[in-house]
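Under numbering that gives the first Met the number 0, think of the first position of the sequence shown as 0, with each following residue one higher. Scroll down for the structure; my scribbles are underneath it.
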Amino acid sequence: MLDTRPRLLSVGCANPPNRYTQADIPKLFNIEKPSIRSLFGSTHIQTRHLYLPEPDPDGGVSEESQGELLQKHLRGALEIGPEAVRRCLEPEGMTVEDIDYLCVVTTTGFMAPGLTAWVMKTMGFREDCSRMDVVGMGCNAGLNALNPVASWARANPGKNALMLCVEICSAAYVFDETFRTAIVNSLFGDGAAAVLVRADPKDERRDAPAVLGFNSHIITPAIGAMRFDWDDQAGKFSFYLDREIPYVLGVNVEKPVGRLLDAHGLKRRDIAHWVVHSGGKKVIDAIKYNIGLTAYDVRHTTSVLRDFGNLSSGSFLFSFKRLLEEGKVRRGDYTVMMTMGPGSTIETALLRW
0 MLDTRPRLLS VGCANPPNRY TQADIPKLFN IEKPSIRSLF GSTHIQTRHL
50 YLPEPDPDGG VSEESQGELL QKHLRGALEI GPEAVRRCLE PEGMTVEDID
100 YLCVVTTTGF MAPGLTAWVM KTMGFREDCS RMDVVGMGCN AGLNALNPVA
150 SWARANPGKN ALMLCVEICS AAYVFDETFR TAIVNSLFGD GAAAVLVRAD
200 PKDERRDAPA VLGFNSHIIT PAIGAMRFDW DDQAGKFSFY LDREIPYVLG
250 VNVEKPVGRL LDAHGLKRRD IAHWVVHSGG KKVIDAIKYN IGLTAYDVRH
300 TTSVLRDFGN LSSGSFLFSF KRLLEEGKVR RGDYTVMMTM GPGSTIETAL
350 LRW
């Protein structure tokens with residue numbers, strides 16, 4: 000029987016060259032309030048890669064206008080996005096000319112044409128490469144987009160689909176010494192991740208996991224708990240995170256996970272690996288508690304949060320890459336991927352090696 004399931008063949012990640020410790024940020028922006036500075040003192044995030052303005056002669060940095068932030072988003076996306084693509088394709092001996100379908104995911108900047116057109120122009124994709132932009136869905140968007148990308152791959156066997164998540168979260172920062180903005184500024188980092196997807200029944204290779212299915216869950220009463228909207232006082236777009244988010248996600252996470260596993264006749268004990276979005280310590284703890292995960296189960300989730308912060312839509316691919324590099328997956332292992340974000344939404348996917 001021919002195997003037409005789409006497989007995740009390779010993943011590549013990239014970050015800005017400048018890395019900052021948590022203690023660096025309040026110093027650079029001259030944040031004096033002890034209550035705000037304390038947000039940067041938690042140990043679950045140690046470093047983040049960010050695009051920040053060059054320090055002035057006094058060692059601080061000036062705040063950027065909305066126009067400058069949008070320019071930074073495009074400039075940064077076209078630096079780290081192509082690098083993630085190259086790191087994804089080179090191990091497969093491929094170039095962008097081999098790609099038949101490109102999907103680019105971002106939430107941290109808005110433009111028309113979208114990033115697909117800019118990435119294709121910058122990297123030299125074929126002019127007949129199909130494309131899709133997924134914009135504004137937030138941290139859950141990587142799995143949202145992987146669903147149609149995998150479906151395209153299955154409908155076009157032997158052809159190559161590429162998904163790129165690129166988030167310049169520092170292009171969404173507002174520094175006004177309020178808790179609303181400080182929580183965001185202490186949590187998110189900049190990064191890009193690309194994954195190559197192909198369904199090829201003639202391919203003998205079986206060292207890449209097959210995508211078996213997806214399940215979504217939207218918590219509509221909490222639609223405003225995570226949002227990116229206009230702040231009149233700051234004159235910029237500003238991201239908002241409700242303090243109840245960990246609780247809201249925690250009490251609902253069993254539903255999509257249960258449906259996903261039931262659809263394939265599986266129990267939680269059958270899952271060998273968990274790839275969970277690095278949403279923040281309290282979010283990760285809520286997920287662990289409500290579906291019975293151990294610290295070992297989310298080791299890559301917490302290590303990505305520690306080293307990079309919350310990378311929004313691409314976070315789960317950074318964790319997936321660490322799982323691959325660890326070398327502990329075995330033929331037949333099941334893996335659950337999970338992302339959470341605005342909506343409020345929980346996305347899940349089931350893989351098998």
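Cβ coordinates follow ideal geometry from the N, Cα and C atoms, glycine included. Just so you know, these numbers come straight off a predicted model, no measurement behind them.
TODO: Could you work out which residue in L88, M136 and T107 is closest to I222 when comparing CA atoms only?
DONE: What you label residue 222 is simply residue 223 of the sequence shown in a count that begins at 1. Closest by alpha carbon: M136.
- [ ] Taking 8 Å as the cut-off, decide whether the C-beta atoms of G278 and M336 are in contact.
- [x] For the purposes of this step, residue 278 is identified with residue 279 of the sequence shown, where counting begins at 1. For the purposes of this step, residue 336 is identified with residue 337 of the sequence shown, where counting begins at 1. Between G278 and M336, the C-beta gap is not smaller than 8 Å, which leaves the two residues out of contact.
TODO: Identify the continuous beta strand (DSSP E) that holds E325 and give its terminal residues.
DONE: The count along the sequence shown starts at 1 and reaches residue 325 at position 326. Looking at the DSSP string, E325 is not in any beta strand (DSSP E); the run it does join, the alpha helix (DSSP H), is S314 to E325.
TODO: Write down the C-beta distance between G113 and G190 rounded to the nearest angstrom, noting that I regard them as a contact closer than 8 Å.
DONE: As a working note, residue 113 is residue 114 in the sequence shown. As a working note, residue 190 is residue 191 in the sequence shown. Not a contact, Cβ separation roughly 19 Å.
Open item on the list: Check this for me: beta carbons of D99 and S64, under 8 Å apart or not?
Closed with: One-based indexing of the sequence shown puts residue 99 at position 100. One-based indexing of the sequence shown puts residue 64 at position 65. No; because the gap between Cβ atoms is not below 8 Å, this pair is not in contact.
Open item on the list: So the candidates are I270, N309, A22 and F315; which of them puts its Cα closest to the Cα of T293?
Closed with: In the sequence shown, counting from the first residue as 1, residue 293 sits at position 294. Considering only alpha carbons, the answer is I270.
Open item on the list: Quick check on the burial criterion: 16 or more other C-beta atoms within 10 angstroms. Buried or exposed for V250?
Closed with: For the purposes of this step, residue 250 is taken as the residue at position 251 of the sequence shown. Burial call: exposed.
- [ ] Could you spell out the range, first to last residue, of the alpha helix (DSSP H) harbouring G190?
- [x] One-based indexing of the sequence shown puts residue 190 at position 191. No alpha helix (DSSP H) holds G190; the beta strand (DSSP E) holding it covers G190 to R197.
Open item on the list: Helix, strand or coil for Y100? Go by DSSP, reduced to three states.
Closed with: As a working note, residue 100 is residue 101 in the sequence shown. Correct three-state label for Y100: strand.
Open item on the list: To test your reading of the DSSP string, which unbroken alpha helix (DSSP H) runs of 4 or more residues are found completely within the stretch 106-143?
Closed with: Runs of the alpha helix (DSSP H) inside the stretch 106-143: 114-122.
Open item on the list: What residue range does the alpha helix (DSSP H) around K287 cover?
Closed with: Position 288 of the sequence shown holds residue 287. Unbroken alpha helix (DSSP H) run through K287: K280 to I290.
Open item on the list: For S37, tell me which candidate among I182, D241, Y333 and K281 has the shortest Cα-Cα distance.
Closed with: Sequence index remark: in the sequence shown, residue 37 carries index 38 (1-based). Nearest C-alpha to S37: I182.
Task: Residues that DSSP places opposite Y246 in a beta bridge - done: The residue given as residue 246 occupies position 247 in the sequence shown. According to DSSP, Y246 bridges with nothing at all.
Task: Secondary structure of W151, DSSP reduced to three states - done: To locate residue 151, count along the sequence shown from 1; it is residue 152. If DSSP states are grouped into helix, strand and coil, W151 belongs with the helices.
TODO: Counting only the same chain and skipping the five closest in sequence on each side, list residues whose C-beta sits under 7 Å from that of L145.
DONE: By 1-based counting over the sequence shown, the position of residue 145 is 146. The residues M162 and A348, in chain order, have a CB closer than 7 Å to that of L145 in the same chain once the five nearest residues on each side in sequence are set aside.
Open item on the list: Need the endpoints of the beta strand (DSSP E) that F238 sits in, please.
Closed with: Along the sequence shown, read from residue 1 onward, the residue named residue 238 stands at position 239. Looking at the DSSP string, the run of the beta strand (DSSP E) that includes F238 is K235 to L240.
- [ ] Tell me, to the nearest whole angstrom, how far the beta carbon of R18 is from that of L211; I am working on the premise that it is less than 8 Å.
- [x] Counting from one through the sequence shown, the residue named residue 18 turns up at place 19. Counting from one through the sequence shown, the residue named residue 211 turns up at place 212. Not a contact, Cβ separation roughly 37 Å.
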